[in-house]
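Colleague: Protein chains in written order, with our numbering: chain W, 6 to 474; chain A, 17 to 308.
Structure provided below as structure tokens; questions to follow.
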Amino acid sequence: MSDPDLIDLQEVAPAEVGEIDLYQHRERIYTRKIEGFFQRIRLFTGWPLLLGYLVLPWISLDGRQAVLFDLPARKFHILGLTFWPQDFPMLAFLLIIAAYSLFAVTTFAGRIWCGYTCPQTVWTSIFMWLEQKTEGSRNQRIRLDQAPWSLEKFAKKLAKHGSWLFVGFVTGFTFVAYFYPVKELLPALATFSISGWALFWVVFFTIATYINAGWMREQVCMYMCPYARFQSVMFDQDTLIVSYDKKRGEPRGSRKRDANPSALGLGECIDCELCTQVCPTGIDIRDGLQYECIGCALCVDACDSVMDKMGYPRGLIRYTSEHELQGGTTHWLRPRIIGYVVVLCLMIGVFSYNMVSRIPLELTVIRDRNQLYVTTDSGAIENIYTLQLVNMDTTMHEFEIEISGIDDAMIIGERMYTLDGGEVRAINLRVRAEPEQLDKPSTELNFRASATDMPSLQASSESRFMKPL
Amino acid sequence: MSSFWSMWIIILTSITIVGITWILFANRKREQQPADKTTGHEYDGIQEYDNPLPAWWFYMFVITIVWGIGYLVLYPGMGNFPGILGWTQLDQHSREVAAADDKFRAMRDRYLALPVEEIAGDPVVRKMGMRMFANNCAQCHGADAKGSYGFPNLTDDDWIYGGDAATIKATLVNGRQAAMPAWGSILGDQGIAETTQYVLALNGRDTDSTMAAAGEKHFQTYCVACHGADAKGNPALGSPNLANGIWLYGGTEEQISHTLRAGRNGVMPAFKDTLSEDKIHILAAYVYGLNQ
């Protein structure tokens, strides 16, 4: 077996290849509590929004809940106004304006919506605060989770989840109160006489809040929120971002407080990891701009507190722009921003005009389709119509029905109708015309309803008048 | 569904479920990952990270598959298999109709206990009646109930079968079948023309008096049996009043002579099988109220 042309066979064991999971288990993020300038700002943005959310359903106006989305009646009451399904384009337009404002703000200041006002962030902050109160600081929480089950651990966990569920319940209840009169909902809930569906939705939103702010947290921002995914297209070189100043910080390293960093060949980052410990999405801001960053500035406050202790100037991590980081200056007034603002102003203008000039009256005309026309004994032609008159105003009005388009045509039937605020009335009437007035088999006929006490409150609708061929 | 197509669906659905489950689990793990965590591809200098998906996505996929299988067991979906719950669309529809009926019957029953005349003016009754009229009656009588050629006006005082509440209700329940015989072969062209002149004369229209006088003889021989000597009609028979200028089939000379020659057979359908008694009661009240 020593043929020189052959190479000796050698037994080779395959190298040990580890399998990796293609699905990543969520790593629990233990955030450290931090106080600072931007956290105080958050209190001023978060609390008013939160209080507004909680208090709004309790405000009444003219004996009715001021903001109530009455789905069964298909009426949205917003302060003094009542919106009907017919007004739906307005809602769509409003949402478009809101989305557009978000784009404009993002271009200007990055993800401050995410960091300061997004319900996901606000509720997560509340839940983290509760976590802090019931389970203690970051280190205490890590130790607690690693410790075996004990009565104390159970009590702490119970307190945490209990308080989370309570906040979830208040949130869920308030949410349902926007759709169901709160002054009926609360007594019904208190006396256990609540209807099945109302109860279902209260429980649903309680659990949704609990899961979202307690368990999902940054997962929502990272994997569910579409805004987080497409915000990068709105960023440019001058957008405000939370960023670590690499030039100033690197090379990072620990040192004594009184040491001179340049003598040690170090930058100003002391590598204390505080910025990663406070991050609610669990990233290291020093790796540069990442899509997970919600712009909450917790790391800014954390770093500033360390810089203060070290006696270094603040702002190693700060709100800045790519341009500024590269040594330039941020251009606030740039074509993109100006374009956004101009378009936004235009849209708000058009929307406001539409709101102000909105006429809360709707008239629909339905022709009888079974008989196209009726010929009377005298030879006149009659067509039958059903008018649907909707008084979307909140007060009672008397309406007069008029027709135009055919000379000498007349209405047979009642012409004056009194409708309560919010009333929908079906009106049957026929129109008579002499054949000589009709030169075509089908003539345009216009109906108009106008309030006798308020000439501006009028609506018209077009229909056809048929005669024999 | 034929058993072939039933099997077709069952097999396709099963293969799909097994297939997606296999894809899901087969892609659960991979042997190694490149050190730089990229897919290894490069397109014009652009590289793509190959980040793992969150694990809860995987569980949501699993839940979806389990949910789908549960659905196919409980509800119809697997070909002809009806599902162990025995749910059908028709069933659900009838249940919802029955529930709605229960909800509104109590209200209608309250009205059923009261006489038609008394509830005719009630705004709720008028609103309900108007909707029922639009669904069941407006096709012929028009949305405004003023009728048209061949279909009587229900808003005036002229009633062919009588306009009291009980009669209106009877008309709705059992329907009406009018029978005006064709007189063409009996009276002949001359006789039809003469009778037409007489009927016109009854309404004070310009006529040929000699012909009308001859027509009167025909009328008193043939027409009197139903329409009466004074031509005022007889609600018990459903014969209309011929002397009040209201015409169901038109009042021109031509139209009247056509009615005489060819006869008329008006039909009002019976609603007893379509609408329940409480609904007919409300509809009767609505019609009764139209000319009050």
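We put the beta carbon where it would ideally sit given N, CA and C, even for glycine.
No experiment lies behind these values; they were computed from the predicted model shown.
Could you tell me the alpha carbon to alpha carbon distance between C298(W) and W73(A), rounded to whole angstroms?
Modeller: Those two C-alpha atoms are separated by around 21 Å.
Colleague: Identify the continuous beta strand (DSSP E) that holds G344(W) and give its terminal residues.
Modeller: Counting along the chain, G344(W) falls outside any beta strand (DSSP E), though it belongs to the alpha helix (DSSP H) covering 340-361.
Colleague: Between R222(W), N144(W), G426(W), V207(W), which has its C-alpha nearest V175(W)'s C-alpha?
Modeller: If we check each option's Cα against that of V175(W), V207(W) comes out closest.
Colleague: Within the present structure, is the beta-carbon of E449(W) separated from the nearest heavy atom of the ligand HEM by less than 7 Å?
Modeller: Absence of the ligand HEM is noted for the structure shown, with no ligands found whatsoever.
Colleague: Can you tell me the Cα-Cα spacing of L106(A) and Q155(A), whole angstroms?
Modeller: Straight-line Cα distance between these residues: approximately 27 Å.
Colleague: Quick check on the DSSP output: the beta strand (DSSP E) that includes T391(W) runs from which residue to which?
Modeller: Element bounds for T391(W): 386-396.
Colleague: Buried or exposed, going by whether 16 or more other CB atoms sit within 10 Å of the CB of E77(W)?
Modeller: Here the sequence assigns Pro to residue 77(W), which means Glu is not the residue at that position. Label assigned to P77(W): exposed.
Colleague: Roughly how many angstroms lie between the CA atoms of M148(A) and A233(W), to the nearest whole one?
Modeller: Using only the alpha carbons, I get a separation of about 54 Å.
Colleague: With 16 other CB atoms within 10 Å as the buried threshold, where does P481(W) fall?
Modeller: Absent from the structure is residue 481(W), since the part of chain W shown begins at 6 and ends at 474.
Colleague: Are the C-beta of T129(W) and some C-beta of chain A separated by less than 8 Å?
Modeller: Answer no: the Cβ-Cβ gap between T129(W) and chain A never drops below 8 Å.
Colleague: To the nearest angstrom, how far is it from the Cα of W175(A) to the Cα of D125(A)?
Modeller: Distance between the alpha carbons of W175(A) and D125(A) is about 28 Å.
Colleague: Among the residues of its own chain, which have a CB less than 6 Å from the CB of I184(A), if the five just before and after it don't count?
Modeller: Closer than 6 Å at Cβ, skipping near neighbours: A300, V303, Y304.
Colleague: In the DSSP assignment, find the alpha helix (DSSP H) that holds H243(A) and state where it starts and stops.
Modeller: It spans 240-243 - the alpha helix (DSSP H) in which H243(A) sits, taken as one unbroken run.
Colleague: Kindly list, in the order they appear in chain A, the residues whose Cβ is closer than 9 Å to that of T380(W).
Modeller: The contacting residues are S164, Y165, G266.
Colleague: For T286(W) and C230(W), which I take to be in contact (beta-carbon distance under 8 Å), what is that distance rounded to the nearest angstrom?
Modeller: Rounded, the Cβ-Cβ distance is 11 Å, inconsistent with contact.
Colleague: Have a look at L163(W) and L149(W) and give me their C-alpha separation to the nearest angstrom.
Modeller: Using only the alpha carbons, I get a separation of about 13 Å.
Colleague: So, is the C-beta of Y28(W) closer than 8 Å to a C-beta in chain A?
Modeller: Y28(W) counts as touching chain A.
Colleague: With a threshold of 8 Å between beta-carbons, can T391(W) be considered close to chain A, or not?
Modeller: Yes, because at least one Cβ of chain A sits closer than 8 Å to the Cβ of T391(W).
Colleague: Per DSSP, H402(W) forms a beta bridge with which residues?
Modeller: In DSSP, H402(W) forms a bridge with L424(W).
Colleague: Could you check which residue in D172(A), I272(A), P68(A) has the C-alpha nearest to that of G200(A)?
Modeller: The shortest Cα separation from G200(A) among D172(A), I272(A), P68(A) belongs to I272(A).
Colleague: Where does the unbroken alpha helix (DSSP H) through N152(A) begin, and where does it stop?
Modeller: It spans 139-152 - the alpha helix (DSSP H) in which N152(A) sits, taken as one unbroken run.
Colleague: Give the residues from the stretch 60-90 of chain A that approach chain W closer than 8 Å (Cβ to any Cβ), ordered along the chain.
Modeller: Here the close residues are N67, P68, L69, P70, A71, W72, W73, F74.
Colleague: Three-state secondary structure (DSSP) at I288(W)?
Modeller: It is coil, neither helix nor strand.
Colleague: Applying the 10 Å Cβ sphere with the 16-neighbour rule, what's the burial state of G32(W)?
Modeller: Correcting the residue identity first, residue 32(W) is Glu in this sequence and not Gly. Classification of E32(W): exposed, given that the 10 Å Cβ count is below 16.
Colleague: Who are the neighbours of A154(A) on chain W, taking C-beta pairs under 9 Å?
Modeller: Ordered by position in chain W, the residues that pass the 9 Å Cβ test against A154(A) are D373, N375, I389, T391, N433.
Colleague: Any idea if L188(A) is buried or exposed, counting beta-carbon neighbours within 10 angstroms, 16 or more meaning buried?
Modeller: Buried, since its Cβ has 16 or more Cβ neighbours within 10 Å.
Colleague: Assign N169(A) to one of two classes, buried (16 or more other C-beta atoms within 10 Å of its C-beta) or exposed (fewer than that).
Modeller: Answer is buried; the Cβ neighbour count reaches 16.
Colleague: With a threshold of 8 Å between beta-carbons, can Q282(W) be considered close to chain A, or not?
Modeller: With 8 Å as the cut-off, Q282(W) does not count as an interface residue toward chain A.
Colleague: Could you pull the start and end residues of the beta strand (DSSP E) that Q91(W) belongs to?
Modeller: No beta strand (DSSP E) holds Q91(W); DSSP gives it neither H nor E.
Colleague: Can you list, in chain order, the residues of its chain whose CB lies under 6 Å from that of I389(W), leaving out five sequence neighbours each side?
Modeller: Around I389(W): D373, R435.
Colleague: Among A186(A), I31(A), H234(A), whose alpha-carbon lies nearest the alpha-carbon of A209(A)?
Modeller: Looking at the Cα atoms, H234(A) is the closest of the given residues.
Colleague: Measuring alpha carbon to alpha carbon, tell me which of I343(W), C284(W), S461(W), A109(W) ends up nearest E367(W).
Modeller: Looking at the Cα atoms, S461(W) is the closest of the given residues.
Colleague: For D412(W), which three-state DSSP category applies?
Modeller: Coil, per DSSP.
Colleague: Nearest chain W C-beta to K233(A) closer than 8 Å, yes or no?
Modeller: Judged by the 8 Å Cβ criterion, K233(A) is not in contact with chain W.
Colleague: Let's test the definition: count the other Cβ atoms within 10 Å of the Cβ of Q331(W) and tell me whether it reaches 16, buried, or not, exposed.
Modeller: By the neighbour-count rule (16 or more Cβ atoms within 10 Å), Q331(W) is not buried but exposed.
Colleague: For L306(A), I'd like the list of residues in its chain whose CB is within less than 6 Å of its CB, leaving aside the five on either flank, ordered along the chain.
Modeller: A161, L170, T171.
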